[in-house]
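Chains A and B, in that order, are what the protein sequence lines are.
With my numbering, the residue at position 173 of the first sequence is 173, and numbering never jumps.
With my numbering, the residue at position 349 of the second sequence is 349, and numbering never jumps.
Cβ atoms here follow ideal geometry from the backbone N, Cα and C, with glycine treated the same way.
Please read the structure below before turning to the comments.
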Amino acid sequence: MVKRALLLSVAAAAASCVRVSEGRAERDRAVGAAEIDGLSIVVDDGLAAVRALQPARVDLWGNAPALSLRLVLDAARDVELRVDNAMADARAFVGARVIDSTAPGTRRAFVIPADAFAPSEGRFAARVLVRPPDADEPRRFRFAMYADVQEAIDRVQDVYARMNAEEGVSFALMAGDQTTHGGPDELEVFQREMATLRFPVFATLGNHELGKPEVPYHDWFGRGSSSFELHGARFTLLDSASATIDAIVYDWLDDWLARGRGRVHVVAMHIPPIDPIGVRSGSFASRNEANKLLARLAEGRVDLTLYGHVHSYYAFENAGIPAYIAGGGGAIPERFDNVGRHFLVIDVDPVAQTHATRLVRVD
Amino acid sequence: MCDVRGRVRSPAIALALTIALAATTARSEPRKHPTLAPVTAVVPGALVHGSGHFVAGHTTTAKRLLITETIGLALVVGSLGGLAATGASRYTVTPLAVGAVVGFDLFALSFLADVYGTTAPDGGTGAPLRTRSRLESEVGVRAVHDPQFPYGAVAVQRLDLREGRVRLSPSAWQAPRGGAGELSVLVSARLVGPGTRPEDTRHLAEPQTHPADGSFLDAELVGGHRGYLGDGFSTTWVEWRASGRLDLHHVGSTLRGSFAELQLGAALATHRYSIGASERDVLLLTRIGWGMYVGRGLSHAGEVTVFYDHRRDTITGGMLLPGIGAGYLGFAGFSARYFLDRTFGVAAEGLVGSAWIGGVSLVVRQAGRAW
């Protein structure tokens, strides 16, 4: 009996030690779904975190340009839907009805009227889309990418001011390390500082968000691994904060790669599968897993990979895919590289299936 | 069940009995406070290395261990501080990473040596295997727990061919599932150690004053190919490294029977993907270890080593840690070899990295020349 318990304990320890990000993948599954008496919500693909739920009000944090969600009420009534970190031109669509935001900028607010809810199995349900009107139209667009702010949060407004000065940026991708330890107070500060941006920031987490045992990141900014489309291009964010990707996420990735075939597909994560400076090993814990992921991305015809973690700028190729590390959010910089704080501006043409990346120096 | 000087039926029992026999060997130089010394080697010895030897009255060894710890700590703090201050700059990362690993080695080594020296019998737990076989073969199986690659079990084979200073060692592993496997060949030249000079046989007549010395320094060249057909990639690499062992009786007589190991080198790898793309990679190879000999003579003898290996490109991968420190470590483990007679032996290893691996092998050697 003791021997069996010992063996089970060792097996459990081994399982937990080789799947350090499994718990976060499980938490990803739960993002976007919530329920209270008389109201429930499910955001498709978990692309928004449910921040607050009241009988007549729903607060979301968006992590994608276009959201599709289902609201179910016990009785038809007006519901105020607040979506923070939304596209600045996002509107709500309920069937043929278009609802304008009552708030400007990226903090959108919509009143979903009672008559938009249709009877459904003894309750009242509405499918609501929150997105720019032209979100599905293939057209050229521009986005920014940055990572690794950490302890430099007090100086991040320099970066944001430079980003705001870039013409035509629709949104930013943030490839992790928003904070130093990932505590609630730090996440709150990061959110507060983001308010000056004129566009939303869609993010995944980095290893510095894992400094607290409870990892509260998902409660603030939603899933670590997710995928969305805009203007015919696909974006996939992967949680590589533990220098690995969980087996659950690999299953999701297969589906996202299939959906991205034939489109421009951008994949971003925090820790890069490989470090262009091999002796440093600022990369996945297993080179074989890194190769496995890169082989999968290459076979899935991914067009561009974006990383953080290394606090400098690198342009290279992995498995033949153009790759950039842009860890210039302000955290302790890599010395002697003459780069300083920086971010990327990336132009995407989904029709021509091309993209162009430009380094923007802040310092 | 067995005669320790004769045949044994179970390797595990033989190993246990050998340790027990060694532990009951009469001590020629009794140490002070034989009960208290091992305790102080842990508390406060975990912080102040050499405490155990100091209580045991071996102050010279105690001082050496404390100095080793201090140097190790200084290297670790200096290297990690340097890495933080330079943001792990590409221009300075190599010496700093090596410094951190070697510093940790010295720190861990001085602690383990203190514990060993206060618990092992006089003369140590054993002596180096006094034979170098011209031909040695190993066949075994490894259980692999890796959620990324469902190997299940892996078959391992190795062949050692020795002639003078030179060793040629092809090895391979194959996974029955996933189309994964590896083939590599090691060529090494012994620069220092057994096999490089006329044999000094004084250790046979005067083991107390002239202990057998298993210390060595090898220059090694390895080439290999690793394929993961099911996952669409393969890796071909070449590595050059220096591997050394120092028997710790050179540090203090109480440490006889234990040894420290260090391996430094670099590898150049080419990774190929099924879509046709490829890329090159440079790896830093740093491996540290501490071990002890078990048993003496040409048979009923072996060794156990615990080690840390900084590389992350093997089947084991690097350790996965929860929290901020993810992705910086290689793998750790133990390896053990024990010869039941002049021909047959067993080997075992346990490795903890991205995968957890454990298994045993049968070792067969041509009865070699004693040294």
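Next on the checklist: So with CB distances below 7 Å, who are the chain B contacts of residue 289 (chain A)?
Outcome noted: 148, 317, 354
Checklist entry - Using the beta-carbon count (16 or more within 10 Å), is residue 168 (chain B) buried or exposed? => result exposed
Next on the checklist: Please report whether the beta-carbon of residue 211 (chain A) lies at a distance below 7 Å from any beta-carbon of chain B.
Outcome noted: yes
Checklist entry - Can you tell which of B:73, B:56, B:103, B:322 has its C-alpha closest to the C-alpha of residue 19 (chain A)? => result B:322
Checklist entry - With contact counted as at least three CB pairs below 8 Å, one residue from each stretch, are the segment 220-228 of chain A and the segment 308-321 of chain B in contact? => result no
Checklist entry - Mind checking residue 102 (chain B): buried by the 16 CB within 10 Å criterion, or exposed? => result buried
Checklist entry - Do you know offhand how far residue 2 (chain B)'s Cα is from residue 264 (chain B)'s? => result Per-residue confidence for residue 2 (chain B) stands at a pLDDT of 34, beneath the threshold of 50, marking its modelled position as unreliable; the derived number appears in the next sentence. In a straight line, the C-alpha of residue 2 (chain B) is about 42 Å away from that of residue 264 (chain B).
Item to check | Own chain, CB closer than 6 Å to residue 214 (chain B), minus 5 neighbours either side, in chain order | outcome: 128, 247
Next on the checklist: Below 8 Å on the Cβ atoms is my contact criterion, and I expect residue 228 (chain B) with residue 152 (chain B) to pass it. Report the Cβ-Cβ distance as a whole number of Å.
Outcome noted: The pair is not a contact, with the Cβ atoms about 15 Å apart (cut-off 8 Å).
Item to check | Every unbroken alpha helix (DSSP H) within the segment 167-230 of chain A, with a cutoff of 4 residues, ordered by chain | outcome: 184-194, 217-221
Item to check | Three-state secondary structure assigned by DSSP to residue 92 (chain B) | outcome: coil
Item to check | Distance, residue 209 (chain A) Cα to residue 23 (chain A) Cα | outcome: 14 Å
Checklist entry - Where does residue 26 (chain A) land, buried or exposed, given buried means 16+ other C-beta within 10 angstroms? => result exposed
Item to check | residue 157 (chain A) in three-state terms, based on DSSP | outcome: helix
Item to check | Near the ligand ADP: residue 58 (chain A) beta-carbon under 6 Å from a heavy atom | outcome: With respect to small molecules bound, the structure shown includes none, and the ligand ADP cannot be examined in it.
Checklist entry - Where do the ends of the beta strand (DSSP E) carrying residue 59 (chain A) lie? => result 57-62
Checklist entry - Whose Cβ in chain B lies nearer than 7 Å to the Cβ of residue 306 (chain A)? => result Chain B residues near residue 306 (chain A): none, gap ~17 Å exceeds 7 Å.
Checklist entry - Considering residue 287 (chain A), what are the terminal residues of the alpha helix (DSSP H) in which it resides? => result 287-299
Item to check | Interface residues of the segment 298-322 of chain B facing chain A [CB-CB below 9 Å] | outcome: 310, 311, 312, 313, 314, 315, 316, 317, 318, 319, 320, 321, 322
Item to check | Beta-carbon proximity of residue 365 (chain A) to residue 324 (chain B), cut-off 7 Å | outcome: For chain A, the structure presents residues 1 to 363; residue 365 (chain A) sits outside this window and is missing.
Checklist entry - Using a beta-carbon distance cut-off of less than 7 Å, what residues from the segment 238-258 of chain A approach chain B? => result 241, 242, 243, 244, 247
Item to check | Closer than 7 Å to chain A by CB, residue 284 (chain B) | outcome: yes
Item to check | CB-CB length for residue 364 (chain A) against residue 235 (chain A), believed under 8 Å | outcome: The requested residue 364 (chain A) does not occur in the structure, where chain A is confined to residues 1 to 363.
Next on the checklist: Suppose the cutoff is 7 Å on Cβ atoms and the five residues either side in sequence are ignored; what does the same chain contact list for residue 86 (chain A) look like?
Outcome noted: 62, 106, 108, 130, 200
Checklist entry - Between the segment 77-102 of chain B and chain A, which residues of the former have a C-beta closer than 8 Å to a C-beta of the latter? => result 84, 85, 86, 87, 88, 89, 90, 91, 92, 93, 94, 97
Next on the checklist: The beta strand (DSSP E) that contains residue 128 (chain A), what's its start and end?
Outcome noted: 123-131
Item to check | Assigned secondary structure, residue 102 (chain B) (DSSP; H/G/I helix, E/B strand, else coil) | outcome: helix
Item to check | CA-to-CA distance, residue 147 (chain A) to residue 237 (chain A), given in whole angstroms | outcome: 13 Å
Next on the checklist: So that I know if they touch, is there some Cβ in chain B lying closer than 7 Å to that of residue 336 (chain A)?
Outcome noted: yes
Checklist entry - Around the Cβ of residue 213 (chain A), are there at least 16 other Cβ atoms within 10 angstroms (buried) or fewer (exposed)? => result exposed
Checklist entry - How many whole angstroms separate the CB atoms of residue 173 (chain B) and residue 155 (chain B), which I take to be in contact at a CB cut-off of 8 Å? => result 7 Å
Checklist entry - Using 7 Å as the limit for Cβ to Cβ distance, is residue 218 (chain A) near chain B? => result no
Item to check | Any 3 or more C-beta pairs closer than 8 Å across the segment 275-291 of chain B and the segment 307-325 of chain A | outcome: yes
Item to check | residue 280 (chain A) at chain B interface by Cβ criterion, 7 Å | outcome: yes
Item to check | Interface flag, residue 375 (chain B) vs chain A, CB-CB below 7 Å | outcome: As shown, chain B starts at 1 and ends at 371. That puts residue 375 (chain B) outside it, with no answer to give.
Checklist entry - For the segment 71-80 of chain A against the segment 109-121 of chain A, are there 3 or more C-beta pairs whose distance is under 8 Å? => result yes
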